[in-house]
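Presented below is the structure to which this report refers.
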Amino acid sequence: MTVMSAAEFDSLLNRVDDKMRRMREATEHLFDKLQTWAHRLGPLGHSIMQVLAYVPKLIGKVFEWIGQLIVNPGVPWTLWNHGNDWSGAPVAGRVSALVGKATLDEVRVDDFWQGRAADAYKNTLPRQKEALAKIVSAAQAVDDALTKMAIAIGALWLALLTAILSAVIEYIAEGAAASTGVGAPPAAAGAAATTAKVLALVTAALDVFFVFIVANTLPALKAMRHDLLDSSAFPDGHWPRSTTDFSDGSLSDGDPTDWHLRVS
619 MTVMSAAEFD SLLNRVDDKM RRMREATEHL FDKLQTWAHR LGPLGHSIMQ VLAYVPKLIG
679 KVFEWIGQLI VNPGVPWTLW NHGNDWSGAP VAGRVSALVG KATLDEVRVD DFWQGRAADA
739 YKNTLPRQKE ALAKIVSAAQ AVDDALTKMA IAIGALWLAL LTAILSAVIE YIAEGAAAST
799 GVGAPPAAAG AAATTAKVLA LVTAALDVFF VFIVANTLPA LKAMRHDLLD SSAFPDGHWP
859 RSTTDFSDGS LSDGDPTDWH LRVS
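The sequence shown begins at 619 in our numbering and counts up by one.
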């Protein structure tokens, strides 16, 4: 599954909102018909009254849950774009280009200079390459976590839309049956079954979403936190630099730390 664009996600949310409105209309029509026939059918209306005593409250929970989600639906395309920035040219792409250059054949210091100062400079390259690679790995991990979250948000809303669509179709059919009078008792039973099903589908969609977060995103965040605290590639929490003890790399004072033009 790919990440939805802003337009695609807005369209999906609009469809969910529209189907929620239609479900509300369908259930109101259904309950109105059931209420009418519950009084007209006498003893036969008892089962209808039992359904009316609890089913509307359950449907209200569905509206409440999804209504709360619609207020804060998530922004999968933003997560996707930020993830691309981390793994792409702005961060990992730029740093990975430096990884390829942190080698002796890519630098010119050993071509023109020699001496302790030049050696100390060259000897930092492997550690600096390791540090650069660590940055690339961390940036790619951020992208992976953001992308997975973006996909999960889109999948959640698709699952909710599917559940609502199924319920709308069934509620409309049950409303039509309830309008006939003789079909009111089975329509009431059908409404109870439909409500139980849509509740189960919505609950399952939310459970899958949260399980996905726990199984994927949280471990990734924990791993990134560990990497952030890992100083193996950054001695003392700083960029790798020479450990050679020299304080003067001048060209002219004649001590052993001088930089010298390479002669061979």
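For each residue, glycine too, the CB sits at the ideal point set by N, CA and C.
Remember, it's a predicted structure, so these values are computed and weren't measured experimentally.
For the pair alanine 838 and isoleucine 769, the Cα-to-Cα distance works out to about 15 Å.
One alpha carbon belongs to arginine 859, the other to glutamate 724, and they sit about 18 Å apart. A straight line joining the alpha-carbon of valine 829 with that of leucine 774 spans about 12 Å. Contact annotation: valine 820 and alanine 781 have beta-carbon atoms nearer than 9 Å. Under the DSSP definition of a beta bridge, glutamine 758 lacks any partner.
Around isoleucine 831, the same chain offers Met767, Ala770 as residues with beta carbons nearer than 8 Å, after the five sequence neighbours per side are excluded.
Here tyrosine 672 is exposed: its Cβ has fewer than 16 other Cβ atoms, across all protein chains shown, within 10 Å. Contact check between the segment 836 to 854 and the segment 704 to 716: fewer than three CB pairs, one atom from each, fall below 8 Å, which does not count as touching.
Straight across, the Cα-Cα distance linking lysine 747 with lysine 740 is about 12 Å. Spatial neighbours of methionine 622 in its own chain (CB-CB distance under 6 Å, excluding positions within 5 residues in sequence) are listed in chain order as Pro694, Gly772.
For tryptophan 857, the secondary structure class from DSSP, reduced to helix, strand or coil, is coil.
As the crow flies, the alpha-carbon of alanine 796 is around 16 Å from that of threonine 813. Contact between the segment 644 to 656 and the segment 664 to 680 is established, with three or more Cβ pairs separated by less than 8 Å. With fewer than 16 neighbouring CB atoms inside 10 Å of its own CB, phenylalanine 681 falls in the exposed class. The segment 671 to 726 contains, as complete alpha helix (DSSP H) runs of 4+ residues, the segments 694 to 705, 712 to 717 (chain order).
Note on geometry: alpha-carbon atoms of glutamine 686 and proline 804 lie some 32 Å from one another. Leaving aside the five residues that flank asparagine 834 on each side, the residues in its chain whose CB is nearer than 6 Å to its CB run, in chain order, Lys766.
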